[in-house]
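Okay, structure first, notes after.
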Amino acid sequence: MGASTYPVYLKLQGKRCLVVGAGPVGVRKVSGLVVAGADVTVVSPSIPESLKAQVSCIERPFQPDDVDGMKLVVTATDSEAVNLSVVEAAEQAGVWVNDATSLGRSGFILPATVRQGDLTLAVSTGGESPAYARLIRESLEEHFGAEHAEMLRLLSELRPRVMSRITDGADRKRFWDRLVTQETLNLIKDGHIDRVEQKVDEWLSS
């Protein structure tokens, strides 16, 4: 059994993050960071044109001072020596680092994720079996469709209105418990969000 990990979601909007390596694994790591709104820099001797259009790119071998000012570092090259150099430089600079090729050298693990709008589900096996994490992610993707993004969008839009209309905390809880149900989710999934909104109007005016 591997060491225990502490799950956490990071707010990386505008934060500088470094990815070393621009192969298939590196490209996947860049994609996840871009979705999170990070300010990503890629360092690699060869960088695909598709990445150059998305993020800052430095087309040369890694240098230890590349980690300066970074909040997170990910290394995903096919060179053991380069990956080790990246990890050592990041650790010396006090920057969290993930080595895609070595769980033991990684200060954090990147989980398999499912995203539907602002809903994010993350799965980690502690690095013991990425293949199993992918299997679980695929199962979650089958069960958590676009209706969950729409449900969360609706709840987010309703929150200020509910807070102003229902001042008692216990009453607010009853309202949310009444609304946030599988029945509501099914209505949204079937394209009947108008019926949900009608119910909300009735409940808030009663």
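The C-terminal position of the sequence shown is numbered 1189 in this note's numbering, with every residue numbered one higher than the one before it.
Built from N, CA and C at the ideal position, the CB exists for glycine as well.
Every value quoted in this text rests on a predicted model; they were computed, and no experiment measured them.
Rounded to the nearest angstrom, what separates residue i and residue j at their Cα positions?
{"i": "Ala1059", "j": "Leu1016", "result": "14 Å"}
{"i": "Pro1031", "j": "Ala1005", "result": "7 Å"}
{"i": "Leu1093", "j": "Asn1081", "result": "8 Å"}
{"i": "Ser987", "j": "Asp1184", "result": "46 Å"}
{"i": "Leu1091", "j": "Asn1169", "result": "Reading off the sequence, residue 1091 comes out as Phe, not Leu. Phe1091 and Asn1169: Cα-Cα distance of roughly 37 Å."}
{"i": "Asp1061", "j": "Ser1085", "result": "12 Å"}
{"i": "Ser1039", "j": "Val1145", "result": "43 Å"}
{"i": "Trp1242", "j": "Val991", "result": "Here the chain comprises residues numbered 984 to 1189, so residue 1242 is not present and cannot be evaluated."}
{"i": "His1193", "j": "Gln1181", "result": "Summary: the structure shown does not reach residue 1193, with the chain confined to residues 984 through 1189, and so no result is reported for it."}
{"i": "Thr1108", "j": "Ala1116", "result": "6 Å"}
{"i": "Lys1172", "j": "Ala1129", "result": "8 Å"}
{"i": "Asp1051", "j": "Ser1089", "result": "18 Å"}
{"i": "Pro1047", "j": "Ala1064", "result": "13 Å"}
{"i": "Val1179", "j": "Glu1125", "result": "24 Å"}
{"i": "Glu1042", "j": "Ala1076", "result": "22 Å"}
{"i": "Lys1012", "j": "Gln1037", "result": "13 Å"}
{"i": "Thr1024", "j": "Ala1114", "result": "28 Å"}
{"i": "Phe1127", "j": "Arg1136", "result": "15 Å"}
{"i": "Asp1154", "j": "Tyr989", "result": "35 Å"}
{"i": "Asp1177", "j": "Gly1110", "result": "44 Å"}
Taking all protein chains shown into account, decide if residue i is buried (16 or more other Cβ within 10 angstroms of its Cβ) or exposed.
{"i": "Gly1009", "result": "buried"}
{"i": "Thr1167", "result": "buried"}
{"i": "Lys1035", "result": "exposed"}
{"i": "Thr1150", "result": "exposed"}
{"i": "Thr1164", "result": "exposed"}
{"i": "Ala1083", "result": "buried"}
{"i": "Ser1189", "result": "exposed"}
{"i": "Lys1156", "result": "exposed"}
So, at 8 Å on beta carbons, what are the nonlocal neighbours of residue i in its own chain, with the 5 sequence-adjacent residues on each side left out?
{"i": "Ala1132", "result": "Gln1099, Gly1100, Asp1101, Leu1102"}
{"i": "Thr1096", "result": "Gly1015, Thr1103, Leu1104, Ala1105, Val1106, Arg1120"}
{"i": "Ser1029", "result": "Ala1005, Glu1042"}
{"i": "Ser1139", "result": "Asp1101"}
Excluding the 5 residues preceding and the 5 following residue i in the sequence, name in chain order all residues of the same chain whose CB lies nearer than 6 Å to its CB.
{"i": "Gly1087", "result": "none"}
{"i": "Ala1019", "result": "Leu995"}
{"i": "Val1056", "result": "Leu1001, Val1050, Ala1073, Val1078, Val1080"}
{"i": "Met1134", "result": "Leu1168, Ile1171"}
{"i": "Leu1123", "result": "Val1097, Leu1104"}
{"i": "Val1070", "result": "Val1080, Asp1082, Arg1088"}
Within the same chain, show all residues whose beta-carbon is closer than 7 Å to that of residue i, passing over the 5 residues directly before and after it, in chain order.
{"i": "Met1053", "result": "Arg999, Cys1000, Leu1001, Val1078"}
{"i": "Met984", "result": "Because Met984 sits at a pLDDT of 41, beneath the cut-off of 50, its placement in the model cannot be relied upon, and the following sentence gives the value as read from the coordinates. There are no such residues."}
{"i": "Gly997", "result": "Gly1020, Asp1022"}
{"i": "Phe1045", "result": "Val1003, Val1026, Val1065, Ser1068, Val1069"}
Could you check which residue in the options has the C-alpha nearest to that of residue i?
{"i": "Leu1162", "options": "Leu1141, Ser1147, Arg1148", "result": "Leu1141"}
{"i": "Leu1187", "options": "Ala1153, Gly1152, Ser1147", "result": "Ser1147"}
{"i": "Pro1007", "options": "Ser1033, Ser1139, Leu993", "result": "Ser1033"}
Exercise. Which residue spans inside the segment 1095-1143 form an unbroken beta strand (DSSP E) run of at least 3?
Worked result: 1095-1099, 1102-1106
For this session: Write down every uninterrupted run of the alpha helix (DSSP H) in the segment 1028-1104 whose length is 4 residues or greater and which is fully enclosed by it, in chain order.
Result: Taking only runs of at least 4 residues, the alpha helix (DSSP H) segments lying wholly in the segment 1028-1104 are 1032-1035, 1063-1075.
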